[in-house]
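Structure first, commentary second.
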Ligand code: MN
């Protein structure tokens, strides 16, 4: 009668690897532990970033893959997927696992140390870790199959740690027509794109628009940013920008990305119209809120993160020389400059005089309250949009925009406006054309123009695109 070979703890580990190719240790089970229990946490940039927690136990390393890392806070449990036992030699392993091998990618040692064992069963493991980065009592408990959770039982190791701010809005700049001079001001180019706050925790990036919508799915480029930041936790402020063939930021180009969320379509578009996240500030870093720090101090922290990748950058700034910066921005085809007072704190959700934007052309969002039918070549289609801005509860009529549309955009606008039709004008003020068709004031258009008339109309306006990151009620006259 054939006797079955007893299953060795490292069978699965060995079966998954080709030791002529991978630099990982072949290892051997050691039944003679020296009494000291060691652990390691490896940061593993494999197909998907995760952290591997390994605990020395019974002559091998019991292992879990933790996609979001060891939770720093008892308020948040993280998934920990149980994986095969590893040999003790793996405690020191770091390096490149070659393509084609199991777990291909880069592995670094994120933390290591010893631990005290309190409880060990098939369902629950409780330990106190003594590492350099992770200290304190943790419980691993099995939920289903290979899925476990890891829970921090002690209070956060850092008693001052605070969670990242929730539902926070970015700080906004005030429009002015003179660029401030002097060394109190930091100058940067004005990026023409979509504002986004990006929270990175456990190597995962989550993007929120300025009106609080989760726009992560629309910008897969940010996934790589999250992975590059690894265990660094940060809430970033910046602008998602599409760059045109001449190297200028192009809001028109970005329009093709702004309204798409379907995963396959986004993936295809991301190749055709790549987006770069231009990071210019941070609100929270590794458990500390930094909004009370000065702009200069925040900028130093931001630069220390060395954010420079294919799809993300920290653009340069200059101190003083406002006039020169404005001239440069025009030469390079930017919309204008933003001047930030170096001693100012970050004021979430506020349009602050400490940040000032200076534009070469007037431009702002305006609310669509109606439209005019087309004539001549545009017969049967949209001819112009009727636009306005809020002054208190009143939507003031600000004129009509009849240029700047592509044929596709006219069709799209036609489809969007049809279900919004209403009989009564939403506007106050005079001059609304007699043949106007009115709509519920729900769409926000980005409009460029040369100035305001005394009657409160935009002069020579051109349509740039629709925005879905601003509520109509927030649209006020800026200049
Ligand atoms: Mn791994």
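In our numbering, the protein residues as written are 956 to 1434. We put the beta carbon where it would ideally sit given N, CA and C, even for glycine.
Exercise for the section: Along the beta strand (DSSP E) that carries residue 1418, what are the first and last residues, could you check? Expected result: Position 463 of the chain shown holds residue 1418. Residue 1418 -> beta strand (DSSP E) spans 1417-1422.
Handout entry: Helix, strand or coil at residue 1438 [DSSP, three-state]
Key = There is no way to answer for residue 1438, as the model of the chain reaches only from 956 to 1434.
Handout entry: Residues near residue 1122 by beta carbon distance below 8 Å, same chain, minus five either side
Key = Counted from its first residue, the chain shown places residue 1122 at position 167. Result list for residue 1122: 1167, in chain order.
Exercise for the section: Go ahead and pull the three-state DSSP assignment for residue 1179. Expected result: Within the chain shown, the letter at position 224 stands for residue 1179. Helix at residue 1179.
Exercise for the section: In the DSSP assignment, find the alpha helix (DSSP H) that holds residue 998 and state where it starts and stops. Expected result: Within the chain shown, the letter at position 43 stands for residue 998. Residue 998 -> not in any alpha helix (DSSP H); beta strand (DSSP E) instead, spanning 993-1000.
Problem - Contacting residues, own chain, Cβ-Cβ under 6 Å from residue 1196 (five flanking each side not counted) - result: The residue given as residue 1196 occupies position 241 in the chain shown. 1146, 1148, 1204, 1231, 1233, listed in sequence order.
Problem - Residues that residue 1326 bridges to, as DSSP identifies them - result: Looking up residue 1326 in the chain shown gives position 371. Looking at the DSSP assignment, residue 1326 forms a beta bridge with 1340, 1392.
Exercise for the section: Put residue 1283 into one of helix, strand or coil per three-state DSSP. Expected result: Your numbering for residue 1283 matches position 328 in the chain shown. Helix at residue 1283.
Handout entry: Chain-order list of residues whose beta-carbon lies under 7 Å from that of residue 1422 (same chain, five-residue window excluded)
Key = By 1-based counting over the chain shown, the position of residue 1422 is 467. Within the same chain, residue 1422 has close Cβ partners 1320, 1399, 1401.
Exercise for the section: Please go through the region 1223-1253 and give each complete beta strand (DSSP E) segment of 3 or more residues, from N-terminal end onward. Expected result: DSSP runs (the beta strand (DSSP E)) wholly in the region 1223-1253: 1230-1240.
Exercise for the section: Run the CB neighbour count on residue 1330, radius 10 Å, all protein chains shown included, and call it buried at 16 or more, exposed below. Expected result: Numbered from 1 along the chain shown, position 375 holds the residue referred to as residue 1330. Counting the other Cβ atoms within 10 Å of the Cβ of residue 1330 gives fewer than 16, which makes it exposed.
Practice task
Would you check if the distance between the CB atom of residue 1009 and the CB atom of residue 1017 is smaller than 8 Å?
Solution key: Translated into the one-based positions of the chain shown, residue 1009 becomes position 54. Translated into the one-based positions of the chain shown, residue 1017 becomes position 62. Yes, these two residues count as a Cβ contact at 8 Å.
Practice task
Would you check whether the ligand MN has a heavy atom nearer than 7 Å to the C-beta of residue 1035?
Solution key: On the chain shown, residue 1035 is found 80 positions in, with the first residue counted as 1. The answer is no for residue 1035.
Handout entry: C-beta atoms of residue 1322 and residue 1430 nearer than 8 Å
Key = Locating residue 1322 in the chain shown gives position 367, where the first residue counts as 1. Locating residue 1430 in the chain shown gives position 475, where the first residue counts as 1. Residue 1322 is a Cβ neighbour of residue 1430, given a cutoff of 8 Å.
Handout entry: Residue environment, residue 1227, which counts as buried when at least 16 other CB atoms sit within 10 Å
Key = Position 272 of the chain shown, counting from 1, holds the residue named residue 1227. Residue 1227 comes out exposed.
Practice task
Would you mind working out which of 1154, 1006, 1268, 1335 sits nearest residue 1058, comparing C-alpha positions?
Solution key: Locating residue 1058 in the chain shown gives position 103, where the first residue counts as 1. Ranking the options by Cα distance to residue 1058, first place goes to 1006.
Problem - Three-state secondary structure (DSSP) of residue 1428 - result: As a working mapping, residue 1428 is identified with position 473 in the chain shown. In the structure shown, residue 1428 sits in a helix (DSSP, three-state: H, G or I).
Problem - Those runs of the alpha helix (DSSP H) which lie wholly inside the region 1151-1196 and span at least 4 residues - result: 1176-1184
Practice task
Locate the beta strand (DSSP E) running through residue 1143, then write down its first and last residues.
Solution key: For the purposes of this step, residue 1143 is identified with residue 188 of the chain shown, where counting begins at 1. Where residue 1143 is concerned, the enclosing beta strand (DSSP E) stretches over 1140-1144.
Practice task
Please state whether DSSP places residue 968 in a helix, a strand or coil.
Solution key: Locating residue 968 in the chain shown gives position 13, counting from the first residue. Looking at residue 968 - three-state DSSP - the assignment turns out to be helix.
Problem - heavy atom of the ligand MN below 7 Å from residue 999 C-beta - result: As a working note, residue 999 is residue 44 in the chain shown. Residue 999 Cβ: within cutoff of the ligand MN.
Problem - beta-carbon residue 1067 near the ligand MN non-hydrogen atom, thresh 7 Å - result: In the chain shown, residue 1067 corresponds to position 112, counting from 1. Outside the cutoff, so no.
Practice task
Give the straight-line distance between the Cα atoms of residue 1172 and residue 1013, rounded to the nearest whole angstrom.
Solution key: Position 217 of the chain shown, counted from the first residue, corresponds to residue 1172. Position 58 of the chain shown, counted from the first residue, corresponds to residue 1013. Taking the straight line joining both Cα atoms gives about 44 Å.
Problem - Cβ shell of residue 1116 (< 6 Å), same chain only, five flanking positions each side left out - result: Here residue 1116 is taken as the residue at index 161 of the chain shown, counted from 1. Same-chain partners within the cutoff: 1242.
Exercise for the section: Take residue 1180 and list the residues in its own chain whose beta-carbon comes closer than 8 Å to its own, dropping the five residues that flank it on each side. Expected result: Translated into the one-based positions of the chain shown, residue 1180 becomes position 225. Excluding positions up to five away in sequence, the list reads 1153, 1155, 1160, 1232, 1262, 1264, 1266, 1267.
Problem - Interface flag, residue 1324 vs chain D, CB-CB below 8 Å - result: The chain labelled as chain D is not found in the depicted structure, where only one protein chain is given.
Handout entry: Within 8 Å, strictly: CB atoms of residue 1073 and residue 1061
Key = Residue numbering aside, residue 1073 sits at position 118 when the chain shown is read from its first letter. Residue numbering aside, residue 1061 sits at position 106 when the chain shown is read from its first letter. No, Cβ-Cβ distance for residue 1073 and residue 1061 is not below 8 Å.
Practice task
Count the other C-beta atoms from every protein chain shown that fall within 10 angstroms of the C-beta of residue 1428, then say buried if there are 16 or more, exposed otherwise.
Solution key: Here the question's residue 1428 lines up with position 473 in the chain shown. Classification for residue 1428: exposed.
Exercise for the section: Determine the contact status of residue 1360 and residue 1418, defining contact as a CB-CB distance below 8 Å. Expected result: The residue given as residue 1360 occupies position 405 in the chain shown. The residue given as residue 1418 occupies position 463 in the chain shown. In this structure, residue 1418 lies closer than 8 Å to residue 1360 by Cβ.
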